[in-house]
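Okay, structure first, notes after.
Chains as they are written, first to last, in this note's numbering: chain A, 8 to 192; chain B, 85 to 284.
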């Protein structure tokens, strides 16, 4: 399985394209923008976007979704019944999806937003705004921050190892965040 | 990143194999021969993808203008190696050590150098974007004339480091310790130095 990163200058956010090494049906996580470079990334690698996973319903992570769906007839997954102005498949904490041979585990991590999901595909964690390199998602108050930190430690750092692909900023690993994330020390 | 990893041939060993071998770093039957095979391959090719060469030690390797995509060098050691004008994308160098290495004119994106030690390295004139240097220990480094957009140096320790005439927009220096670090002519007002609030 391969993972490609695409950056949106509109919301300074990352989108991720996940698919088999030789092309075929692919998953797009957080379509922050739909632009020519993303289209070239998808088509140039022989992919067709069949599934769109939304980590959370903030504009910087979904802004390009409506345009993407005009090009690719993809199924949308996230926390609620309606995402990107169409019916979507709501997901629950711990639910596992089998998307064209790619297994996706959904992990609910609240605190940054009530609808935040982290998607685990193999040893890769797509964390949205929940966890980033050296940081955590913004929260409205101290209680929510404590809730978020607890959830990250309980649900993500309980895995021994894994690569983190955040919604903003550079990639990281669980091992690195245990050692160098000031909010989790 | 390619997540397909083969497991070591040694019974009950769960570790991933090194490239050009069926064994992990702990169970290599002939480490010297393997190192030589790796060196030959790195010299013979200029485009490298999906390599897994963690914990290996490389000395005086010339990798100028090479391209690395989705490679893993976790814990590797590089001494006096030349990476000038190379491209690295989606590579993992966490916990590695670099001594007197040259990276000038490089293009490095979406890579991880967290927990790495750098001594006497030159990164001048490079594009180093969306790259994780958290927890890095760096001394006598030169990042001058580089674009460091959205890279991160959280909890890093920097001594005698030049960031002269750099693009530091969205660069994260939260909780970094800096001694004799020069930001002259750079837009350090667009970097992040305070940890009062989460950044996202």
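Think of the CB as a built atom: it goes at the ideal place given N, C-alpha and C, for glycine as much as any other residue.
* To do: Run the CB neighbour count on residue 158/B, radius 10 Å, all protein chains shown included, and call it buried at 16 or more, exposed below.
  => buried
* **Distance CB(residue 195/B)-CB(residue 174/B) smaller than 9 Å** => yes
* Tell me, please, which residues DSSP counts as bridged to residue 178/B. => Paired residues: none, contrary to the question.
* Asked: Which residues in chain A sit within 8 Å of residue 99/B, going by Cβ to Cβ distance?
  -> In chain order: nothing, as chain A lies at least about 11 Å away.
* Is it right to say residue 23/A is buried, meaning 16 or more other beta carbons lie within 10 angstroms of its own, or is it exposed? -> buried
* **Interface residues of chain B facing residue 177/A [CB-CB closer than 8 Å]** => 194, 195, 196, 214, 215, 216, 234, 235 and 236
* Asked: Is it true that the stretch 101 to 120 of chain B meets the stretch 256 to 272 of chain B, where meeting means three or more beta-carbon pairs spaced less than 8 Å apart?
  -> no
* Taking C-alpha atoms, which residue in 31/A, 59/A and 47/A lies nearest to residue 39/A? -> 59/A
* So, is residue 233/B buried or exposed, given that buried needs 16 or more other C-beta atoms within 10 angstroms? -> buried
* Going straight from the alpha carbon of residue 99/B to that of residue 108/B, what length do you get? -> 6 Å
* residue 201/A, enclosing beta strand (DSSP E) - first and last residue -> Because chain A is modelled from 8 through 192, residue 201/A falls outside the range shown and cannot be assessed.
* Which residues, taken in chain order from the stretch 134 to 147 of chain A, show a beta carbon closer than 8 Å to some beta carbon of chain B? -> 136, 139, 140, 141, 142, 143, 144, 145 and 146
* May I have the straight-line CA-CA distance separating residue 251/B from residue 205/B, to the nearest angstrom? => 19 Å
* Asked: residue 233/B bridges to which residues according to DSSP?
  -> For residue 233/B, which the question treats as bridged, DSSP gives no partner whatsoever.
* Asked: According to a CB-to-CB cut-off of less than 8 Å, which residues of the stretch 254 to 275 of chain B neighbour chain A?
  -> 254, 256, 258 and 259
* **Neighbour list for residue 132/A in chain B, Cβ cutoff strictly below 7 Å** => The premise fails here: residue 132/A is roughly 12 Å from chain B at the closest Cβ pair, so nothing lies under 7 Å.
* Asked: Taking just the CA atoms, how far does residue 145/B sit from residue 283/B?
  -> Low confidence applies here, because residue 283/B scores a pLDDT of 47, under 50, leaving its location unreliable; read the following figure in that light. Straight-line Cα distance between these residues: approximately 39 Å.
* Asked: Among all the DSSP beta bridges, which residues are the ones paired with residue 97/A?
  -> 85/A
* Asked: Does DSSP put residue 187/A in a helix, a strand or coil?
  -> helix
* Can you round the beta-carbon distance between residue 220/B and residue 247/B to whole angstroms, since I take them to be within the 8 Å contact cut? -> That pair is no contact at about 13 Å.
* Can you give me the Cβ contacts of residue 191/A inside the same chain, cut-off strictly under 8 Å, excluding the 5 residues immediately before and after it? => 143, 156, 159, 160, 164, 184 and 185
* Asked: Given a threshold of 16 other Cβ atoms within 10 Å of its Cβ, counted over all protein chains shown, does residue 178/B qualify as buried or as exposed?
  -> buried
* What are the start and end residues of each continuous beta strand (DSSP E) run of 3 or more residues lying completely inside the stretch 13 to 83 of chain A, in chain order? -> 20 to 26, 31 to 36 and 54 to 60
* To do: Tell me, please, whether the CB atom of residue 183/A is closer than 9 Å to any CB atom in chain B?
  => yes
* Just reading off the beta strand (DSSP E) that residue 177/A is part of, what are its end residues? -> Segment: none, residue 177/A is in no beta strand (DSSP E) and carries neither H nor E.
* Length of the line joining the Cα atoms of residue 281/B and residue 225/B -> Low local confidence applies: a pLDDT of 46 at residue 281/B is under 50, so the model's placement there is unreliable, with the coordinate-based value given in what follows. About 29 Å.
* Any beta-carbon of chain A closer than 9 Å to the one on residue 239/B? -> yes
* **Nearest to residue 285/B (by Cα), restricted to the options 96/B, 141/B and 93/B** => Not covered by the structure: residue 285/B. The range shown for chain B is 85 to 284.
* **Distance between residue 177/A and residue 91/B (C-alpha atoms, nearest Å)** => 28 Å
* Asked: Can at least three beta-carbon pairs, one atom from the stretch 133 to 147 of chain A and one from the stretch 85 to 104 of chain A, be found at a separation below 8 Å?
  -> no
* Are any of the Cβ atoms in chain A nearer than 9 Å to that of residue 282/B? -> Any reading at residue 282/B is ruled out, since the residue's pLDDT is 47, under 50, leaving its predicted position unreliable.
* Around the Cβ of residue 7/A, are there at least 16 other Cβ atoms within 10 angstroms (buried) or fewer (exposed)? -> Only positions 8 to 192 of chain A appear in this structure, which leaves residue 7/A out of reach.
* Asked: In chain order, what residues of the same chain lie with their CB nearer than 6 Å to the CB of residue 186/B, ignoring the 5 residues before and after it?
  -> 166, 168 and 206
* Who are the near neighbours of residue 132/B in its chain, counting only those whose CB is closer than 8 Å to its CB and skipping five residues on each side? -> 126, 150, 151, 152, 153 and 155
* Would you mind telling me which residues of chain A sit closer than 8 Å to residue 219/B, beta carbon to beta carbon, in chain order? => 183, 186 and 187
* Asked: Helix, strand or coil: how does DSSP classify residue 122/A here?
  -> coil
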